[in-house]
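Letter by letter, the sequence shown follows residues 17 to 421 of the working numbering.
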Amino acid sequence: LTFATGIEDMQPSAQERLLLRYERFIEISQQLNSTLDHYVLLRKIVDAATELTQSEAASILLVDEATGELHFELASNMPSSQLETITVPLEGSIAGWVVMNDAPRIIQDVRNEPDFFKNVDDATSFKTHNILAVPMRAYKKNVIGVLETLNKRNNEDFSVEDVKTLTMLAVQAAIAIENARLFRQSDFMSMMVHELRTPLSAIKTSTKLLLRTNLSESQRTSTIHTMNDEIDRLIRMTSDYLDLARLESGRARLELSSFDLSDLIKECITIVAPYATERSIEIAVFAQTTTINADRNKVKQVLLNLLTNAIKYNRDKGEIMVECSRIEHSEDAQVIVRDTGHGISKEDQRMMFQKFFRVSDTEKSATGTGLGLAITRQIIQAHNGEIWLESEIGQGSSFFFTLPK
Ligand SMILES: Nc1ncnc2c1ncn2[C@@H]1O[C@H](COP(=O)(O)OP(=O)(O)O)[C@@H](O)[C@H]1O
Ligand SMILES: [Mg+2]
């Protein structure tokens with residue numbers, strides 16, 4: 017039998033603390049489910065993780081659907097500008113281990129831990145002592161990322177209860193992130209339908225105009241031209257959308273043949289040259305004969321999209337340089353399309369290949385669907401190639417892609 021002192025009486029027992037923690041957990045879960053904005057949601061998850069496990073900091077890493085790489089989405093101990101520069105390796109990091117093993121991991125002292133990935137501590141003034149990391153996975157789904165908490169307060173160790181709580185939070189977080197994603201997808205559908213309405217109503221207005229008897233011949237002609245342009249836009253949008261749907265579902269079949277990539281580049285430049293000339297943009301080409309085995313029409317679609325972008329988003333009197341060669345010590349062909357346009361911010365670069373994404377200041381210009389680069393990436397990936405970009409605001413952008421021999 018022990019006698020409780022007055023002070024101990026006022027402290028909640030371990031049991032009560034646990035109950036409080038679960039109550040708080042339920043409250044937080046409800047909040048997560050009502051948040052659809054990606055970054056607001058992540059912020060709430062990080063805050064909840066530090067609060068529930070009483071730790072100093074927390075971070076979320078997500079698996080990139082396209083590349084399978086892990087990267088930081090949000091960390092309470094790092095500014096987001098710094099986050100983007102750090103990719104976390106699957107081998108040689110705690111988070112990578114958690115993804116590959118689909119299991120939680122506690123490191124009570126990172127000093128004795130070879131798997132501890134030091135780059136974050138090196139890049140910030142934050143000093144990590146201990147880590148608890150759990151996989152983020154909705155029931156019966158794949159692991160989408162990792163939730164980590166760092167430095168349990170009062171120099172304590174992370175407890176079994178912490179593992180349980182963080183694991184439950186990670187499940188709720190994964191569900192909320194998935195929901196937000198699905199919502200965005202259905203948002204894409206309504207965006208698509210919305211985009212179709214603009215040309216349709218322009219055509220409707222034109223037909224009404226044409227029905228009037230008092231139109232002059234020149235008014236009639238210009239109205240017909242408007243209709244023609246808008247119909248072209250509709251055709252382009254619907255066929256882009258179908259292309260993308262086919263590629264995304266894996267239904268698109270590649271028709272492989274052997275051809276010279278530099279020939280195809282020259283062919284594409286001839287097609288786009290009139291648009292470049294209109295804006296006094298020069299196109300230079302350095303292309304070595306590079307024979308590859310690929311779907312010629314699809315690669316043509318890739319080149320035409322990169323070239324039209326390099327023209328559309330260039331400045332007047334700008335330059336475009338297209339290079340094509342075989343990579344040294346490799347059988348892969350590499351193409352680079354460089355422009356002298358306004359460039360793309362680091363933030364936008366990450367979104368570039370997503371469907372319907374358009375940089376906000378270009379959104380107003382009517383030509384374009386925001387589907388071109390999404391299709392481009394799908395085509396390159398279907399060929400087991402890679403695509404990426406480098407860009408400097410005010411200097412221009414360079415798009416790179418590789419295709420195996
Ligand atoms: N070379 C480039 N320079 C600057 N911004 C670009 C470039 N290429 C693409 N973009 C930006 O990326 C967005 C998506 O491109 P894309 O998928 O081809 O769609 P679209 O050309 O139909 O708008 C464009 O709206 C534009 O904002
Ligand atoms: Mg485009």
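Glycine included, C-beta positions come from ideal geometry on N, C-alpha and C.
Checking the sheet assignment: what are the DSSP bridge partners for residue i?
i, result
"E246", "Looking at the DSSP assignment, E246 forms no beta bridge with any residue, so it has no partner."
"R354", "M337 and S414"
"F88", "L77"
"S8", "There is simply no residue 8 to check, as the chain begins at 17 and stops at 421 in what is shown."
"R342", "A349"
"I308", "F275"
"E402", "T418"
"V104", "L86"
First and last residue of the beta strand (DSSP E) that includes residue i?
i, result
"G386", "Counting along the chain, G386 falls outside any beta strand (DSSP E), and DSSP gives it neither H nor E."
"S75", "S71 to V79"
"I299", "E298 to A303"
Does ligand 2 have even one heavy atom less than 7 Å from the beta-carbon of residue i?
i, result
"T242", "no"
"V359", "The residue asked about is misnamed: residue 359 is Gly in this sequence, not Val. G359: no, Cβ never under 7 Å from ligand 2."
"T221", "no"
"T324", "yes"
"N321", "yes"
"G108", "no"
"G401", "no"
Would you kindly report the start and end of the unbroken alpha helix (DSSP H) that includes residue i?
i, result
"A119", "Neither: A119 is in no alpha helix (DSSP H) and is coded neither H nor E."
"T324", "R312 to K328"
"S45", "A30 to N49"
"K421", "No alpha helix (DSSP H) holds K421; DSSP gives it neither H nor E."
"Q365", "K362 to M367"
Under 7 Å from any heavy atom of ligand 3, does the C-beta of residue i make it?
i, result
"G334", "Ligands present in the displayed structure are limited to ligand 1 and ligand 2, and ligand 3 is not among them."
Considering only heavy atoms of ligand 1, does any lie closer than 7 Å to the CB of residue i?
i, result
"L387", "yes"
"Y329", "yes"
"G384", "yes"
"A390", "yes"
"R374", "yes"
"M368", "yes"
"D63", "no"
"D355", "yes"
"S255", "no"
"S274", "no"
"S175", "no"
"S29", "no"
"S413", "yes"
Can you give the beta carbon distance from residue i to residue j, rounded, assuming they're within the 8 Å contact cut?
i, j, result
"N325", "G410", "Incorrect: roughly 17 Å between the Cβ atoms, too far for contact."
"V162", "V126", "At roughly 16 Å, the Cβ-Cβ gap does not stay under 8 Å, so V162 and V126 are not in contact."
"M368", "R354", "Wrong, their Cβ atoms sit about 16 Å apart, outside the cutoff."
"K421", "I281", "With 8 Å as the limit, K421 and I281 do not qualify as a contact, their Cβ atoms being about 17 Å apart."
"G359", "E408", "5 Å"
"L320", "V351", "Going by Cβ atoms, the distance from L320 to V351 rounds to 13 Å, so no, they are not a contact pair."
"L68", "F41", "6 Å"
"D131", "S109", "6 Å"
"A310", "L260", "A310 to L260, Cβ: 19 Å. No contact."
"Q317", "I395", "6 Å"
"A139", "I102", "7 Å"
"A73", "S45", "Rounded, the Cβ-Cβ distance is 21 Å, inconsistent with contact."
*asked:* If we require 4 or more residues per run, which alpha helix (DSSP H) segments fall completely within the stretch 121-167?
replied: Runs of the alpha helix (DSSP H) inside the stretch 121-167: 135-139.
*Report the residue ranges of all alpha helix (DSSP H) runs contained in full by the stretch 259-294; include only those spanning at least 4 residues, in chain order.*
Entirely contained in the stretch 259-294, the alpha helix (DSSP H) runs reaching 4 residues are, in chain order, 277-294.
*Please specify which runs of the beta strand (DSSP E), each continuous and at least 3 residues long, are wholly inside the stretch 172-215, giving them in chain order.*
none
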